[in-house]
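Undergrad: My questions all concern the structure below.
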RNA sequence: GCCCAUGUAGCUCAGUCGGUAGAGCACGUCCUUGGUAAGGACGAGGUCACCGGUUCAAUCCCGGUCAUGGGCUCCA
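In the numbering used here, the protein residues as written are 79 to 701.
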């Protein structure tokens with residue numbers, strides 16, 4: 079489940095060593111075209127390697143072809159990779175004369191290499207690697223000769239900031255991949271092609287699940303009838319579980335006063351990730367008369383001189399207000415408020431994509447208000463719920479991340495003793511459930527640590543789905559309290575949790591997980607009736623009515639196509655069950671069952687088949 | 001937001017070295033009534049993303065905008 083984290087270079091696998099060496103070959107080839115290119119870092123990555131470089135010329139896809147040809151030559155030259163240990167002074171001297179990440183000395187120093195050198199600790203040995211006439215500052219290791227790189231391909235060029243910091247220089251990043259043999263390379267690309275077929279954006283369109291309309295807005299999902307069925311079934315599933323666990327459901331509006339989010343701290347600290355505030359019409363007119371500029375308005379909003387409404391970026395402040403609307407006793411706790419709450423966030427335009435990264439989404443949200451003593455137990459229940467959800471859907475390839483605060487970052491608020499308690503409670507929770515997890519600093523929410531369930535999509539990107547978070551900060555900011563047994567006012571602790579995370583993202587991942595072939599309980603269309611000819615339509619309608627009355631989502635294909643064509647269409651649309659109805663079935667009162675997966679299953683009585691489907695739905699079978 | 005690429009019919013894509021466009025699938029009508037992955041004929045469909053420039057003439061060349069895709073950054 080958990081990926082081994084790439085740490086020290088000595089731990090490089092053979093494949094990583096090969097790919098890292100290929101990055102050097104890439105640099106060698108690029109320098110033959112542009113000797114002045116400044117190289118930064120060129121590590122192996124999950125599916126290949128890249129090398130970052132600064133170069134005035136923009137590398138085009140055509141350039142990649144030419145570079146690839148040149149790389150082939152370097153491989154054919156079968157150059158020896160030679161390790162050279164040097165003193166720090168010598169390395170700095172070479173960097174200053176431009177000889178690192180370079181073919182020979184140059185007029186400009188190797189500035190990135192120089193900077194990297196500065197970061198190497200004094201007790202660490204500094205090494206260079208040379209292949210042919212290309213020398214690079216590099217800890218290695220490498221393959222022995224360039225000829226060992228059996229097969230490679232450059233895949234794309236993108237931009238990246240030096241050391242990932244947007245304040246640094248913007249570099250060009252050339253991506254590629256490499257394998258020991260051409261067979262493996264081909265298999266890799268074939269697998270990518272295969273994965274693309276289950277891309278939720280493609281399937282979402284083909285299966286009419288959802289669409290995103292330019293005029294409605296980027297990152298705003300329209301759930302079409304078939305997608306809506308899936309979403310409704312997922313919501314129903316969650317609601318059932320919540321009822322069992324004594325949650326209560328609430329509804330809250332989509333907008334709220336800016337003041338609310340000032341108290342919570344979402345505004346103005348996260349204002350760049352929110353839709354800008356809505357200003358009351360009267361206020362807007364008055365400001366216009368005063369000749370207020372946009373800059374003034376922004377300033378007034380930030381300073382709190384002008385109020386407005388915010389499209390809600392989170393549900394918690396509203397749920398907090400429901401909590402504080404009554405006097406609470408320790409006897410009432412825990413109070414568990416759940417809502418499928420739609421929130422809006424201004425995600426950066428370059429980050430939007432399909433259903434996995436959107437600007438408006440619905441969380442299967444809930445907030446639990448409890449005493450500190452109840453915290454551990456509640457966290458365990460929440461984590462169990464997430465596991466139940468993922469288990470029911472057969473999703474087993476996820477990793478669990480415990481997101482902690484970064485003590486050096488100003489992003490995190492709240493007392494450190496609260497963070498410690500919260501982190502400890504979460505750690506206990508995952509350990510109690512015996513889940514493998516990794517701890518990552520800086521991955522916490524601003525108000526507290528969290529457990530995230532992270533999955534990968536078809537192109538290997540990671541997405542956070544389910545999340546369980548502990549929060550001491552918001553109860554304090556909103557002055558929440560309950561009356562304890564000793565008649566003192568105590569502060570409750572809050573848990574934020576969402577087993578799906580967001581319905582949009584979860585559905586996107588789910589489409590890919592099932593490759594569009596949803597289990598019966600989720601399938602938008604569960605049964606399609608295929609009469610052999612028009613003569614059998616009236617029998618087909620009888621069957622349709624019988625099925626529809628039981629709540630089974632059934633349709634009838636009345637088209638004048640032959641059964642073969644009807645079957646083909648139903649298969650393409652991934653309908654789990656087809657019922658072929660002709661004279662034989664009509665006479666016997668039966669239905670000929672064909673399943674999406676197993677094909678022709680023979681005839682059974684209609685009621686028998688209804689029972690089978692109802693059972694599969696009831697048990698949420700994964701078939 | 002940044003870098004690169006892309007934008008032609010509902011979908012997948014051709015095409016025009018500048019003279020306002022084409023295929024397959026889907027869709028509609030008709031014929032066909034066929035037993036487990038494509039029966040046939042005809043037809044309708046496009047301001048070639050949008051705005052501006054160059055030109056006698058722009059879908060094509062140039063500039064800008066928007067959107068999509070891949071990265072980067074960010075992510076409550």
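Just so it is clear, CB atoms sit at the ideal spot from N, CA and C, and this is done for glycine as well.
1. Roughly how many whole angstroms lie between the Cα atoms of residue 137 and residue 180?
2. Does DSSP put residue 279 in a helix, a strand or coil?
3. With the cut-off set at 9 angstroms, would you say residue 103 and residue 153 are in Cβ contact?
4. Could you tell me the distance, in whole angstroms, from the CA atom of residue 355 to the CA atom of residue 633?
5. Among 226, 526, 419, 508, which has the Cα closest to the Cα of residue 98?
6. Any idea if residue 248 is buried or exposed, counting beta-carbon neighbours within 10 angstroms, 16 or more meaning buried?
7. Could you tell me which of 624, 534, 549, 419 sits nearest to residue 527, measuring between CA atoms?
8. Between which two residues does the alpha helix (DSSP H) holding residue 342 run?
9. What does DSSP give as the partner residues of residue 467 in its beta bridges?
10. Taking Cβ positions, are residue 593 and residue 276 nearer each other than 9 angstroms?
11. Which two residues bound the contiguous alpha helix (DSSP H) that contains residue 387?
12. Could you pull out every residue in the same chain whose Cβ sits closer than 8 angstroms to the Cβ of residue 532, ignoring the five residues on either side in sequence?
13. Please check the pair residue 246 and residue 538, which I expect to be a contact at CB under 8 angstroms, by giving their CB distance rounded to whole angstroms.
14. Do residue 445 and residue 572 have their C-beta atoms within less than 9 angstroms of each other?
15. Look up residue 83 in the DSSP assignment and say whether it is helix, strand or coil.
16. Please report the residue range of the beta strand (DSSP E) in which residue 673 lies.
17. Taking the alpha-carbon of residue 569 as reference, which of 560, 575, 576, 620 has the nearest alpha-carbon?
18. On the three-state DSSP scale, how would you describe residue 214?
19. Terminal residues of the continuous beta strand (DSSP E) containing residue 650?
20. Would you mind working out which of 508, 229, 420 sits nearest residue 299, comparing C-alpha positions?
21. Starting from the Cα of residue 135, find the closest Cα among 292, 250, 555 and give me that residue.
22. Which ranges would you report for the alpha helix (DSSP H) in the region 434 to 482 if only whole runs of at least 4 residues count?
23. Does the count of Cβ pairs from the region 378 to 385 and the region 279 to 292 closer than 8 angstroms reach three?
24. Could you compute how far the alpha carbon of residue 244 sits from the alpha carbon of residue 190?
25. Rounded to whole angstroms, how far is the Cβ of residue 61 from the Cβ of residue 625, which I believe are closer than 8 angstroms?
26. Quick one: what's got a C-beta closer than 8 angstroms to residue 311's C-beta in the same chain, skipping five residues either side?
27. Between residue 352 and residue 388, is the Cβ-Cβ spacing less than 9 angstroms?
28. Using alpha carbons as the reference points, say which of 235, 171, 229 lies closest to residue 206.
29. Tell whether a beta-carbon distance below 9 angstroms holds between residue 646 and residue 315.
30. If you draw a straight line from the C-alpha of residue 318 to the C-alpha of residue 692, how long is it?
31. Kindly indicate which three-state DSSP category residue 227 falls into: helix, strand or coil?
32. Take residue 610 as the anchor and find which of 342, 659, 670 has the nearest alpha-carbon.
33. Who pairs with residue 572 in a beta bridge, going by DSSP?
34. Name the one or two DSSP bridge partners that residue 256 has.
35. Does residue 157 pass the burial test, meaning 16 or more other C-beta atoms within 10 Å, or should it be called exposed?
36. Out of 162, 166, 214, point me to the one whose CA is closest to residue 118's CA.
TA: Result, derived from the coordinates:
1. The count along the first chain starts at 1 and reaches residue 137 at position 59. The count along the first chain starts at 1 and reaches residue 180 at position 102. Those two C-alpha atoms are separated by around 18 angstroms.
2. Taking the first residue of the first chain as position 1, residue 279 is located at position 201. DSSP places residue 279 in helix when its eight states are reduced to three.
3. Counted from its first residue, the first chain places residue 103 at position 25. Counted from its first residue, the first chain places residue 153 at position 75. Contact: yes.
4. As a first step, residue 355 is located in the first chain; it is residue number 277 there, counting from the start. As a first step, residue 633 is located in the first chain; it is residue number 555 there, counting from the start. Each residue's alpha carbon lies about 46 angstroms from the other.
5. Here residue 98 refers to the residue found at position 20 of the first chain. Taking only the C-alpha atoms, the option nearest residue 98 is 226.
6. Here residue 248 refers to the residue found at position 170 of the first chain. That one is exposed.
7. What you label residue 527 is simply residue 449 of the first chain in a count that begins at 1. Among 624, 534, 549, 419, the Cα nearest to that of residue 527 is on 549.
8. Counting from 1 along the first chain, the entry for residue 342 is found at position 264. Residue 342 -> alpha helix (DSSP H) spans 336 to 342.
9. What you label residue 467 is simply residue 389 of the first chain in a count that begins at 1. In the DSSP output, where bridge partners are listed per residue, residue 467 has none listed.
10. The residue you call residue 593 lines up with position 515 of the first chain. The residue you call residue 276 lines up with position 198 of the first chain. Result yes, Cβ atoms of residue 593 and residue 276 sit closer than 9 angstroms.
11. As a first step, residue 387 must be located in the first chain, where it is residue number 309. Not the alpha helix (DSSP H): residue 387 falls in the beta strand (DSSP E), residues 387 to 389.
12. Numbered from its first residue, the first chain carries residue 532 at position 454. Within the same chain, residue 532 has close Cβ partners 476, 477, 478, 479, 540, 541, 542, 543.
13. Here residue 246 refers to the residue found at position 168 when the first chain is read from its first residue. Here residue 538 refers to the residue found at position 460 when the first chain is read from its first residue. Going by Cβ atoms, the distance from residue 246 to residue 538 rounds to 26 angstroms, so no, they are not a contact pair.
14. Counted from its first residue, the first chain places residue 445 at position 367. Counted from its first residue, the first chain places residue 572 at position 494. Taking 9 angstroms as the Cβ cut-off, residue 445 and residue 572 qualify as a contacting pair.
15. The count along the first chain starts at 1 and reaches residue 83 at position 5. In this prediction, residue 83 has a pLDDT of 34, which is less than 50 and means its spatial position is unreliable; what the coordinates show is noted afterwards. Looking at residue 83 - three-state DSSP - the assignment turns out to be coil, as it is neither helix nor strand.
16. Position 595 of the first chain, counting from 1, holds the residue named residue 673. Taken as a continuous stretch (DSSP letters only), the beta strand (DSSP E) holding residue 673 covers 668 to 673.
17. Reading the first chain from its first residue, position 491 is the one you call residue 569. The residue with the shortest Cα to Cα distance from residue 569 is 560.
18. Within the first chain, residue 214 is the residue found at index 136, counting from 1. Strand, per DSSP.
19. On the first chain, position 572 is the one that residue 650 refers to. Here residue 650 belongs to no beta strand (DSSP E); instead the alpha helix (DSSP H) covers 641 to 650.
20. Your numbering for residue 299 matches position 221 in the first chain. The residue with the shortest Cα to Cα distance from residue 299 is 420.
21. If you number the first chain from 1, residue 135 lands on position 57. Among 292, 250, 555, the Cα nearest to that of residue 135 is on 250.
22. 453 to 470
23. no
24. As a working note, residue 244 is residue 166 in the first chain. As a working note, residue 190 is residue 112 in the first chain. Whole-angstrom Cα-Cα distance: 15 angstroms.
25. Residue 61 is absent from the structure shown; the chain starts at 79 and stops at 701.
26. Residue 311 sits at position 233 when you count from the first residue of the first chain. Excluding positions up to five away in sequence, the list reads 599, 600.
27. Taking the first chain and counting its residues from 1, one reaches residue 352 at position 274. Taking the first chain and counting its residues from 1, one reaches residue 388 at position 310. Closer than 9 angstroms, so yes.
28. Within the first chain, residue 206 is the residue found at index 128, counting from 1. Answer by Cα proximity: 171.
29. As a position in the first chain, residue 646 is number 568, starting the count at 1. As a position in the first chain, residue 315 is number 237, starting the count at 1. No, these two residues do not count as a Cβ contact at 9 angstroms.
30. Along the first chain, one-based indexing puts residue 318 at 240. Along the first chain, one-based indexing puts residue 692 at 614. About 17 angstroms.
31. Residue numbering aside, residue 227 sits at position 149 when the first chain is read from its first letter. Three-state DSSP puts residue 227 in coil, outside helix and strand.
32. Taking the first chain and counting its residues from 1, the one referred to as residue 610 is at position 532. Looking at the Cα atoms, 659 is the closest of the given residues.
33. For the purposes of this step, residue 572 is taken as residue 494 along the first chain, with counting starting at 1. DSSP output for residue 572 lists 447, 549 as bridge partner(s).
34. Walking along the first chain from the start, residue 256 turns up at place 178. In the DSSP output, where bridge partners are listed per residue, residue 256 has 230.
35. Taking the first residue of the first chain as 1, we reach residue 157 at position 79. With 16 or more other Cβ atoms within 10 Å, it is buried.
36. The residue labelled residue 118 in the question sits at position 40 within the first chain. The residue with the shortest Cα to Cα distance from residue 118 is 214.
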